[in-house]
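Numbering (the UniProt record's numbering), first residue to last: 1 to 435.
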């Protein structure tokens, strides 16, 4: 199999695709040229030393349970191409692969590099198509198996969910799954989602082997991320990660599993994850990526947000830290594990009804007649369902900030078991923040 196929895919309603391939030796099926070179012969002194060493080697110890774990990591990476990126001499994919090769595993897990593969989805606005092509055509060599393809997207808004969905479902991703399962149909595969601007992998894949060993193959797992040491937000990013970990200890699906670093178990018999990033049931204006997928995955889910090595990623301008009560509240509800009680829903409906009656009773102020305007299609008016969906935010924000709220009061708002889980999580996070 080739190391990568150069495919160009257009993201549009036409479904038109053009393909371009380049034949390169595969890192998975064939060693790179420099590895294929013959090694220089040993000197007589070396041979004597080797002989002595062999005589003095102790009996090998039995492999530990952790060493017996063999899983495959199939890494999906969206690469947002810019003119500045395409102007650099080295491929961004090359930089990513070199970093992955140096920092993904601890030295004792060196052999596991043969168990990973990467699919890059180079993408960008249609207006930057020339830059995408330039970046795509740069040469890459790596001992890690990889494939890449590229596609432009229309409009000015970055379609984050559709980008990840396109990579997840691409033929290159499916081909690696088939290849991993060539010799073992029951081979265990985790889809890993990393960002292209990762600064250091911090031996995160070794950490995932530890998580798998300790938690018996969780369905979803993450170790989170932090910003670089010289970032002004480094400490805040670490506190944010600790809040997520503490929340997940009590409420596993009550926090946001970040796109820069999370893994999902691939069901046996599937060639890609059956769940979707761009689930149409969610709010079309919502840019959340991982919760869309995990909300569906949770039907088969055991989630772990582990206090182990996080990846180091570029500083973000969003500043959405979970030490902020509103961010924590939004995240706690992201996977829809919390459901409002019927009693509280009726309260919301009654409140909305009274507000409407009060509004109708107020006398309308007479305004001077204006020239009639062209009629426009009516916008969707938020209904009771939308109001109920938004009701969780003030409730959860208060729960985190107010230590006087009791379990009984909380259960009046939320159904169990979610009510009890989020109550314990809020109490633990509150204690953490106050330290």
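Every residue, glycine too, gets a C-beta built ideally from N, C-alpha and C.
Since the model is a prediction, treat every value here as computed from it, not as a measurement.
Between which residues of its own chain and residue i is the CB-CB distance below 6 Å, once the five residues before and five after are set aside?
| i | result |
| --- | --- |
| residue 344 | 413 |
| residue 334 | 256 and 291 |
| residue 337 | 253 and 418 |
| residue 238 | 226 |
| residue 436 | Look at the range of the chain in this structure, 1 to 435, and you will see that residue 436 is not part of it. |
| residue 218 | 302 and 304 |
| residue 109 | 206 |
| residue 163 | 78 and 123 |
Would residue i pass as a contact of residue j if the rule is Cβ separation under 8 Å?
| i | j | result |
| --- | --- | --- |
| residue 207 | residue 223 | yes |
| residue 228 | residue 204 | no |
| residue 148 | residue 93 | yes |
| residue 83 | residue 117 | no |
| residue 330 | residue 321 | no |
| residue 99 | residue 262 | no |
| residue 168 | residue 277 | yes |
| residue 441 | residue 113 | For the chain, the structure presents residues 1 to 435; residue 441 sits outside this window and is missing. |
| residue 177 | residue 220 | no |
| residue 172 | residue 243 | no |
| residue 190 | residue 268 | no |
| residue 313 | residue 420 | no |
| residue 339 | residue 401 | no |
| residue 275 | residue 293 | yes |
| residue 311 | residue 146 | no |
| residue 188 | residue 72 | yes |
| residue 91 | residue 140 | yes |
| residue 233 | residue 183 | no |
| residue 405 | residue 399 | yes |
| residue 213 | residue 65 | yes |
| residue 442 | residue 408 | With the chain represented from 1 up to 435, any question about residue 442 goes unanswered, as that position is not in the structure. |
| residue 174 | residue 272 | yes |
With H, G and I counted as helix, E and B as strand and the rest as coil, what does DSSP make of residue i?
| i | result |
| --- | --- |
| residue 71 | coil |
| residue 76 | strand |
| residue 405 | coil |
| residue 313 | strand |
| residue 256 | coil |
| residue 189 | strand |
| residue 122 | strand |
| residue 22 | Model confidence at residue 22 stands at a pLDDT of 40, short of 50, so the residue's coordinates are unreliable and nothing is read from them. |
| residue 99 | helix |
| residue 324 | coil |
| residue 304 | strand |
| residue 117 | strand |
| residue 500 | Absent from the structure is residue 500, since the part of the chain shown begins at 1 and ends at 435. |
| residue 48 | In this prediction, residue 48 scores a pLDDT of 31, lower than 50, which makes its location untrustworthy; the coordinate-derived value is nonetheless stated afterwards. In the structure shown, residue 48 sits in a helix (DSSP, three-state: H, G or I). |
| residue 410 | helix |
| residue 423 | helix |
| residue 264 | strand |
| residue 32 | Here the model assigns residue 32 a pLDDT of 37, short of 50, so the residue's position is not dependable, and the following value carries that caveat. Correct three-state label for residue 32: coil. |
| residue 418 | helix |
| residue 431 | helix |
| residue 349 | helix |
| residue 66 | helix |
| residue 112 | helix |
| residue 334 | coil |
Excluding the 5 residues flanking residue i on each side, which residues of the same chain have their C-beta closer than 8 Å to its C-beta?
| i | result |
| --- | --- |
| residue 126 | 152, 153 and 154 |
| residue 122 | 79, 81, 93, 132, 135, 136, 148, 149, 150 and 151 |
| residue 428 | 246, 247, 249 and 250 |
| residue 144 | 27, 97, 100, 101, 113, 116, 117 and 118 |
| residue 241 | 224, 225, 226 and 310 |
| residue 323 | 236, 239, 240, 243 and 433 |
| residue 297 | 219, 220, 264, 273 and 275 |
Take residue i and list the residues in its own chain whose beta-carbon comes closer than 7 Å to its own, dropping the five residues that flank it on each side.
| i | result |
| --- | --- |
| residue 30 | Because residue 30 sits at a pLDDT of 44, beneath the cut-off of 50, its placement in the model cannot be relied upon, and the point is left open. |
| residue 105 | 112, 113, 203, 205 and 206 |
| residue 351 | none |
| residue 181 | 187 |
| residue 308 | 207, 210, 211 and 223 |
Query - Whole runs of the beta strand (DSSP E) within the stretch 195 to 248, excluding any shorter than 3 residues - result: Note on the stretch 195 to 248: whole beta strand (DSSP E) runs with a minimum of 3 residues are 198 to 200 and 220 to 222, in chain order.
Query - Those runs of the alpha helix (DSSP H) which lie wholly inside the stretch 133 to 186 and span at least 4 residues - result: Those alpha helix (DSSP H) runs which fall completely within the stretch 133 to 186 and span 4+ residues are 160 to 169 and 171 to 180.
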